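Just below is one structure, and these are the notes that go with it.
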Amino acid sequence: MSETQATKEAPADVTPEPTEAESAAVEVDAPITDAEATSHADDSAGASAERDVVVTARNVCIEYEVDPIVKAVRNVDLTIYRGEILGLAGESGCGKTTLAYGINRLLKAPALMTDGTVTFHDKDGDDIDVLALEGDDLRAFRWDKVSMVFQGAMNSLNPVIKIRKQLFDVFTTHRPGMTKVEMEGRARELLSLVGVDPDRVNSYPHELSGGMRQRVMIAMALALEPQLMIMDEPTTALDVVVQRGIIREIMRLREIFGFAVIFITHDLPMLLEISDRVAVMKEGKIVERGTSQEIYTNAQHEYTKKLLSSFPSLTGERGAFVRGGEDQ
Amino acid sequence: MRYIGRRLVIYAVTLWAAISLNFFLPRLLPGDPAAILIAKMSRNGDVTDAQLQSIRRLFGNPEASLWTQYIEYWQQLFRGDLGTSVSFYPTPVTELIGAALPWSIGLVGMATIISFTVGIGLGMFAGWKRGTWVDHIVPSTTLLQSLPYFWVAMVLIYFFSVQNQWFPIIGGYNVFMFNGPEWSWDFVGSVAYHAVLPATTIVISSVGGWLLGMRNMMVSTLGEDFVVTAEAKGLKKRRIMTTYAARNAMLPSIAGFGVALGFVVGGFVVMETVFSYPGIGKLMITAVRGNDYALMQGVFLVITLTVLVAMFITDMIYGLIDPRARQNV
Numbered sequence: 127m128s129e130t131q132a133t134k135e136a137p138a139d140v141t142p143e144p145t146e147a148e149s150a151a152v153e154v155d156a157p158i159t160d161a162e163a164t165s166h167a168d169d170s171a172g173a174s175a176e177r178d179v180v181v182t183a184r185n186v187c188i189e190y191e192v193d194p195i196v197k198a199v200r201n202v203d204l205t206i207y208r209g210e211i212l213g214l215a216g217e218s219g220c221g222k223t224t225l226a227y228g229i230n231r232l233l234k235a236p237a238l239m240t241d242g243t244v245t246f247h248d249k250d251g252d253d254i255d256v257l258a259l260e261g262d263d264l265r266a267f268r269w270d271k272v273s274m275v276f277q278g279a280m281n282s283l284n285p286v287i288k289i290r291k292q293l294f295d296v297f298t299t300h301r302p303g304m305t306k307v308e309m310e311g312r313a314r315e316l317l318s319l320v321g322v323d324p325d326r327v328n329s330y331p332h333e334l335s336g337g338m339r340q341r342v343m344i345a346m347a348l349a350l351e352p353q354l355m356i357m358d359e360p361t362t363a364l365d366v367v368v369q370r371g372i373i374r375e376i377m378r379l380r381e382i383f384g385f386a387v388i389f390i391t392h393d394l395p396m397l398l399e400i401s402d403r404v405a406v407m408k409e410g411k412i413v414e415r416g417t418s419q420e421i422y423t424n425a426q427h428e429y430t431k432k433l434l435s436s437f438p439s440l441t442g443e444r445g446a447f448v449r450g451g452e453d454q
Numbered sequence: 064m065r066y067i068g069r070r071l072v073i074y075a076v077t078l079w080a081a082i083s084l085n086f087f088l089p090r091l092l093p094g095d096p097a098a099i100l101i102a103k104m105s106r107n108g109d110v111t112d113a114q115l116q117s118i119r120r121l122f123g124n125p126e127a128s129l130w131t132q133y134i135e136y137w138q139q140l141f142r143g144d145l146g147t148s149v150s151f152y153p154t155p156v157t158e159l160i161g162a163a164l165p166w167s168i169g170l171v172g173m174a175t176i177i178s179f180t181v182g183i184g185l186g187m188f189a190g191w192k193r194g195t196w197v198d199h200i201v202p203s204t205t206l207l208q209s210l211p212y213f214w215v216a217m218v219l220i221y222f223f224s225v226q227n228q229w230f231p232i233i234g235g236y237n238v239f240m241f242n243g244p245e246w247s248w249d250f251v252g253s254v255a256y257h258a259v260l261p262a263t264t265i266v267i268s269s270v271g272g273w274l275l276g277m278r279n280m281m282v283s284t285l286g287e288d289f290v291v292t293a294e295a296k297g298l299k300k301r302r303i304m305t306t307y308a309a310r311n312a313m314l315p316s317i318a319g320f321g322v323a324l325g326f327v328v329g330g331f332v333v334m335e336t337v338f339s340y341p342g343i344g345k346l347m348i349t350a351v352r353g354n355d356y357a358l359m360q361g362v363f364l365v366i367t368l369t370v371l372v373a374m375f376i377t378d379m380i381y382g383l384i385d386p387r388a389r390q391n392v
């Protein structure tokens, strides 16, 4: 079935792509520094024709319909290339999470997407208009194409049912043909992939540490081998050591499976270290985007510079952070 | 297993305390059951010395120390002897309670379970549909909750037994067709028929509380991260509503279920009196009216036991559905 096919194919034909995507990304976005208006034309021109794009979001506007109306995301364009890591940085409340929820159609009233398009370019060539999906189609789209890892490592798992059942839920919904034995095997395989003892399928979430819970969430996000994984501050609640372990795990898994990642965080230095490209958000707009290298060496926007300078270096000097040691 | 063991110990201590209170409280009251019985009997003629002696022996010796009485009380309990009723002399209390208990447990137990299930079900639905027209219906169920049992009972009787003679006014079964409880489908049918109005009374006046509690918990659970995760996983709406949201939202309701049974006891005393239902509540009223201490004590004991057993069962169920409870506590 498609499941097994995907497993076979994924490592073979997707892994080389990130480099391609990177170079493409540099080409397209390199000249653009202050994004707002200029980036649109460049991005949208070849996007749907090129096969290495996984999601195109155009002119996305999201409002919170409260009094007064809060414009959380304003005319944002975002292109995610297959297999790349796109870092989305910005302070709390700048609209990062809202944008990510918008891409996966998870917005709930009073949040409302007032304008824009989100197109998912499937691996087999179909273009899916995400905003037009309804009911069962939307359900089938979620997790199978785009999976998410959420902010709250502690609360993303249902506290009263076992890990096994929560993993099985994904299979029974999206892969109705799978037998119990196959599901069990796959669940165990997934857990060992993320470095968790496979016997933990028998555990309840409260029996796991925060880091393990987040690993389990990542395993779950991998379950259907999605083409895009949205990670919304996946390491916020964890200490730096566990954080590094999990980030490495994500990088390693991306190497194997070649999924694209939207990585949302307010930790810009970390983003620069792991992302192919970085977009900086402020007050609902993307104020700057570019490759990590560009942002690091040659930030243009005032806000980006401010963000970069707000992290002290290891020697305590502000504005000259050093995060070397381990490259990735 | 350790969870059950620990719970059992806690309940054993509670039981001991309840039984001891049940022993000491009546003895702190003024009045002497034996004297009352003797007074009652002497109204119908002289009481002989032999009778006096046997009554004294029956009710225990008031001159003995409280401690000796306490020991004797426990010994009697273990023999299953709760004394003799004064109002139904010489029927033993155990016999009276044994006859009344199934009625109460059957009626109140069933009605409470129905009320709980219906309330939780509707509450789940109302919470799921938050922010829609359903929200406007919720307050009216709370209004029902505030109506007193006896009033609801009388209104029901007025409309469904007096105005339209659809349901019987009183009793637990048709006393003209049956001489006493028996095992036959006809009898079971008669019991069910007689139970409709009393059960409806209990359900009407208690369903609102469950509904509101469940609805509010449901709304707050729906905001939890794991529900959003479930949605992002593309699970079916029904699955999210039951296994992810309701399963967690109902935990406080289940914890409250045992406690609520305590209040239900108070309710059914009134309800059984209105419907002349042959249960524990009516027995208790009779006992209080007749200064029947032994019977009162027995009824209190049984009520305490019932609530304890109900809470124990609730605890077990809670441990079953919330894995965290099994570990801690």
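Order-wise, the sequence lines are chains A and B.
Start counting the first sequence at 127; every next residue gets the next number (my numbering).
Start counting the second sequence at 64; every next residue gets the next number (my numbering).
Every residue, glycine too, gets a C-beta built ideally from N, C-alpha and C.
Remember, it's a predicted structure, so these values are computed and weren't measured experimentally.
{"Query": "Helix or strand or just coil, what does DSSP make of threonine 243 of chain A?", "Result": "strand"}
{"Query": "So proline 261 of chain B contacts chain A; which residues on that side make the cut at Cβ distance below 7 Å?", "Result": "Chain A residues near proline 261 of chain B: none, gap ~35 Å exceeds 7 Å."}
{"Query": "Residue ranges of each alpha helix (DSSP H) run of no fewer than 4 residues wholly in the segment 236-301 of chain B, ordered along the chain?", "Result": "248-285 and 288-295"}
{"Query": "Identify each residue in the segment 278-312 of chain B for which the Cβ-Cβ distance to at least one residue of chain A is less than 8 Å, and report them in chain order.", "Result": "Glu287, Asp288, Phe289, Val291, Thr292, Ala293, Glu294, Ala295, Lys296, Gly297, Leu298, Lys299, Arg302, Thr306, Tyr307, Arg310 and Asn311"}
{"Query": "In chain B, what lies closer than 7 Å to glycine 257 of chain A by C-beta?", "Result": "With the sequence shown as reference, residue 257 of chain A is identified as leucine, and glycine is not the correct amino acid for it. Those do not exist, as leucine 257 of chain A stays about 16 Å from chain B at its closest Cβ, beyond 7 Å."}
{"Query": "Give a yes or no on whether the C-beta atoms belonging to glycine 344 of chain B and valine 332 of chain B are separated by under 7 Å.", "Result": "yes"}
{"Query": "Taking only the alpha-carbon atoms, compute the straight-line gap between leucine 394 of chain A and methionine 274 of chain A and give it to the nearest angstrom.", "Result": "20 Å"}
{"Query": "CA-CA distance, alanine 266 of chain A and glycine 297 of chain B?", "Result": "6 Å"}
{"Query": "Can you tell me the Cβ-Cβ gap for valine 186 of chain A and valine 199 of chain A, rounded? I've got them flagged as a contact below 8 Å.", "Result": "6 Å"}
{"Query": "If you reduce the DSSP assignment to three classes, tell me which class leucine 317 of chain A lands in.", "Result": "helix"}
{"Query": "Looking only at its chain, what residues have a beta carbon closer than 6 Å to the beta carbon of alanine 312 of chain B, apart from the 5 residues adjacent to it on each side?", "Result": "Met280, Met281 and Thr284"}
{"Query": "So which residues on chain A does arginine 387 of chain B lean against when the C-beta distance must stay under 7 Å?", "Result": "Pro285 and His332"}
{"Query": "Just the Cα atoms here: how many angstroms apart are valine 72 of chain B and serine 83 of chain B?", "Result": "17 Å"}
{"Query": "Under 7 Å between beta-carbons, which chain B residues line up against histidine 282 of chain A? List them in chain order, please.", "Result": "According to the sequence shown, residue 282 of chain A is serine rather than histidine. Neighbours of serine 282 of chain A on chain B, chain order: Asp288, Phe289 and Thr292."}
{"Query": "Spell out whether any CB of chain B is found under 7 Å from the CB atom of glycine 278 of chain A.", "Result": "yes"}
{"Query": "Within the 7 Å Cβ cut-off, does aspartate 193 of chain A reach chain B?", "Result": "no"}
{"Query": "Looking at chain B, is there any beta carbon in it that lies within less than 7 Å of the beta carbon of methionine 274 of chain A?", "Result": "yes"}
{"Query": "Taking just the CA atoms, how far does tryptophan 229 of chain B sit from tyrosine 236 of chain B?", "Result": "15 Å"}
{"Query": "Using C-beta distances below 7 Å, list every residue in its chain close to valine 152 of chain A, excluding the 5 sequence neighbours before and after it, in chain order.", "Result": "With a pLDDT of only 39 at valine 152 of chain A, under 50, the local geometry of the prediction cannot be trusted, and the value read off the model is given with reservation. So the list reads Thr417, once near-sequence residues are dropped."}
{"Query": "Less than 7 Å between the C-beta atoms of phenylalanine 246 of chain A and lysine 271 of chain A, yes or no?", "Result": "yes"}
{"Query": "Check the Cβ of isoleucine 384 of chain B against every Cβ in chain A and list those closer than 8 Å, keeping chain order.", "Result": "Val286"}
{"Query": "Could you work out which residue in A:Asn281, A:Leu317, A:Asp255 and A:Ala347 is closest to threonine 362 of chain A when comparing CA atoms only?", "Result": "A:Asn281"}
{"Query": "Skipping 5 residues on each side, what residues in its chain have a beta carbon closer than 6 Å to that of phenylalanine 375 of chain B?", "Result": "Tyr74"}
{"Query": "What is the rounded straight-line gap between the Cα of glutamine 114 of chain B and the Cα of glutamate 335 of chain B?", "Result": "35 Å"}
{"Query": "Which residues of chain B have a Cβ atom closer than 8 Å to the Cβ of asparagine 230 of chain A, listed in chain order?", "Result": "Ala295"}
{"Query": "Helix, strand or coil, according to DSSP, for proline 89 of chain B in the structure here?", "Result": "helix"}
{"Query": "I'd like the list of long-range same chain contacts for histidine 257 of chain B, defined as Cβ closer than 7 Å, with 5 residues on each side in sequence excluded.", "Result": "Pro231, Gly234, Gly235 and Tyr236"}
{"Query": "Looking at the structure shown, is aspartate 193 of chain A part of a helix, part of a strand, or coil, going by DSSP?", "Result": "coil"}
{"Query": "Counting along the chain, where does the alpha helix (DSSP H) carrying glutamate 455 of chain A start and finish?", "Result": "Residue 455 of chain A is absent from the structure shown; chain A starts at 127 and stops at 454."}
{"Query": "Between the alpha carbons of methionine 304 of chain B and glutamine 226 of chain B, how many angstroms are there, rounded?", "Result": "43 Å"}
{"Query": "Leaving aside the five residues before and after arginine 278 of chain B along the sequence, list all residues of the same chain whose C-beta is less than 7 Å from its C-beta, in chain order.", "Result": "Gly186, Ala189, Gly190 and Val201"}
{"Query": "Alpha carbon to alpha carbon, what distance is there between glutamate 189 of chain A and proline 360 of chain A?", "Result": "25 Å"}
{"Query": "Measuring alpha carbon to alpha carbon, tell me which residue in A:Glu308, A:Pro352 and A:Met346 is nearest glycine 321 of chain A.", "Result": "A:Met346"}
{"Query": "I'd like to know whether the C-beta of valine 296 of chain A is nearer than 7 Å to at least one C-beta of chain B.", "Result": "yes"}
{"Query": "So, with DSSP's three-state summary, where would you put lysine 411 of chain A?", "Result": "strand"}
{"Query": "Which ranges would you report for the alpha helix (DSSP H) in the segment 318-384 of chain B if only whole runs of at least 4 residues count?", "Result": "343-352 and 356-384"}
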